[in-house]
Amino acid sequence: MELGSPARVRAACGDDDLVMWAARGLRDGGRAWALGDAVVAAGPGAARGDRLAVWGGTACAVELVRHALGEMGESFRPVGERSLVRDVVAKVAGLEFGGAFSWMSLGVAPGPVEGVGWLSPGAEAEVAGLLAGSAPHSYAVPGMAGVRRWAGVRVGGELAAVAADAWSAPEVGLLAGVATAARFRGRGLAERVCRWVSARLVEEYGRAALMVDDDNASALGVYGRIGYRRTLVAGARVSAAT
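The structure is reproduced here in structure tokens:
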């Protein structure tokens with residue numbers, strides 16, 4: 015059954031962060047379906063990809079994933095709690111495991127931080143330069159669709175660390191593009207920027223979330239200190255051989 019309102023999506027999935035983020039408030043192409051104890055939400059163009067958040071029991075989730083892929087197309091990649099994704103991959107022909115990572119969410123704004131603020135659009139060249147030199151694989155970059163705004167901290171007038179509000183949904187703000195210039199690392203600047211942006215996201219969207227690689231111990235430590243709750247997740251994709 016397709017869900018026709020964000021309130022129905024919320025009720026069906028127990029207000030799960032990942033599902034609510036992927037559903038995009040059922041705007042801009044976002045859709046969601048429920049069957050039994052499972053929910054699947056499709057988010058086109060969410061974090062540089064077409065996402066299909068999967069939640070609930072395996073048997074119903076398998077049927078919903080098949081249906082959603084038929085409706086939305088094979089570019090959509092299922093993502094959800096790790097064991098559930100493995101079970102879905104095992105039962106849906108043509109799907110393959112795409113990799114494990116962590117989804118982290120925050121529902122309470124952290125305390126105040128000084129010296130951080132939103133950057134003007136004119137600072138995007140500085141942001142791009144910092145990312146190119148210190149975080150060349152950043153998902154979020156200035157000017158990319160869905161990347162709304164950047165925050166930063168300066169040291170002696172020089173941009174030292176940044177983070178973005180990117181691909182946020184009406185109910186979930188997404189933190190992305192976190193980076194510190196190499197010569198300013200070790201001063202806790204990334205944590206300051208992340209605390210400040212996280213507070214703004216919670217204030218505006220009701221909660222904040224982010225995605226992080228499991229082997230990025232320093233980032234996991236920063237986000238944990240801020241108060242983010244970690245969920246082990248995984249992604250899947252339609253095999254190129256199908």
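Throughout, the working numbering is defined as the position within the sequence shown, counted from one, plus 14. Cβ atoms here follow ideal geometry from the backbone N, Cα and C, with glycine treated the same way. Here the structure is a predicted model, which means the values were calculated and not measured.
If distances are taken between C-alpha atoms only, which option among the options comes closest to residue i?
i           : options            : result
residue 32  : 108, 227, 235, 57  : 57
residue 224 : 30, 185, 42, 119   : 119
residue 200 : 74, 213, 236, 171  : 236
residue 205 : 252, 184, 163, 129 : 129
residue 109 : 92, 122, 214       : 92
residue 60  : 164, 222, 250, 182 : 182
residue 185 : 162, 160, 218      : 218
residue 41  : 107, 85, 20        : 20
residue 104 : 126, 37, 80        : 80
residue 137 : 171, 111, 160      : 171
residue 18  : 158, 45, 164       : 45
residue 213 : 102, 178, 234      : 178
residue 252 : 26, 83, 35         : 83
residue 25  : 69, 63, 62         : 69
residue 16  : 35, 47, 38         : 47
residue 254 : 207, 88, 220       : 88
Can you find the residues in the same chain that come closer than 7 Å, C-beta to C-beta, to residue i, ignoring five residues on each side of it along the sequence?
i           : result
residue 168 : 174
residue 152 : 145, 191, 193
residue 148 : 193, 194, 195, 196
residue 198 : 169, 174, 175
residue 160 : 59, 180, 181
residue 101 : 72
residue 63  : 91
residue 30  : 69
residue 127 : 206, 209, 210
residue 220 : 185
Tell me the rounded alpha-carbon separation between residue i and residue j.
i           : j           : result
residue 150 : residue 141 : 12 Å
residue 95  : residue 131 : 34 Å
residue 209 : residue 49  : 38 Å
residue 43  : residue 226 : 25 Å
residue 143 : residue 230 : 23 Å
residue 76  : residue 51  : 11 Å
residue 65  : residue 202 : 32 Å
residue 90  : residue 232 : 30 Å
residue 238 : residue 74  : 33 Å
residue 27  : residue 53  : 6 Å
residue 242 : residue 111 : 26 Å
residue 215 : residue 250 : 28 Å
residue 303 : residue 121 : Nothing about residue 303 can be read from this structure; the chain reaches only from 15 to 256.
residue 234 : residue 135 : 29 Å
residue 158 : residue 164 : 12 Å
residue 23  : residue 139 : 39 Å
Taking the continuous beta strand (DSSP E) assigned at residue i, which residues delimit it?
i           : result
residue 244 : 243–252
residue 116 : 109–120
residue 57  : 52–57
residue 162 : 161–169
Give me, in chain order, the residues of the same chain whose beta-carbon lies closer than 6 Å to that of residue i; leave out the 5 immediate sequence neighbours on both sides.
i           : result
residue 244 : 116, 118
residue 248 : 96, 99, 114
residue 166 : 133, 173, 176
residue 86  : 56
residue 78  : 47, 49, 52, 54
Under 8 Å by Cβ, that's how I've got residue i and residue j pegged, so tell me the actual separation to the nearest angstrom.
i           : j           : result
residue 156 : residue 240 : At roughly 24 Å, the Cβ-Cβ gap does not stay under 8 Å, so residue 156 and residue 240 are not in contact.
residue 259 : residue 222 : The structure shown has nothing for residue 259, since the chain only spans 15 to 256.
residue 67  : residue 36  : 4 Å
residue 211 : residue 189 : 6 Å
With residue i as the anchor, note down where its alpha helix (DSSP H) starts and where it stops.
i           : result
residue 22  : 20–27
residue 85  : 72–86
residue 192 : Here residue 192 belongs to no alpha helix (DSSP H); instead the beta strand (DSSP E) covers 187–194.
Ignore the nearest five residues each way along the sequence and tell me which others in residue i's own chain have a CB closer than 8 Å to its CB.
i           : result
residue 162 : 178, 179, 180, 182
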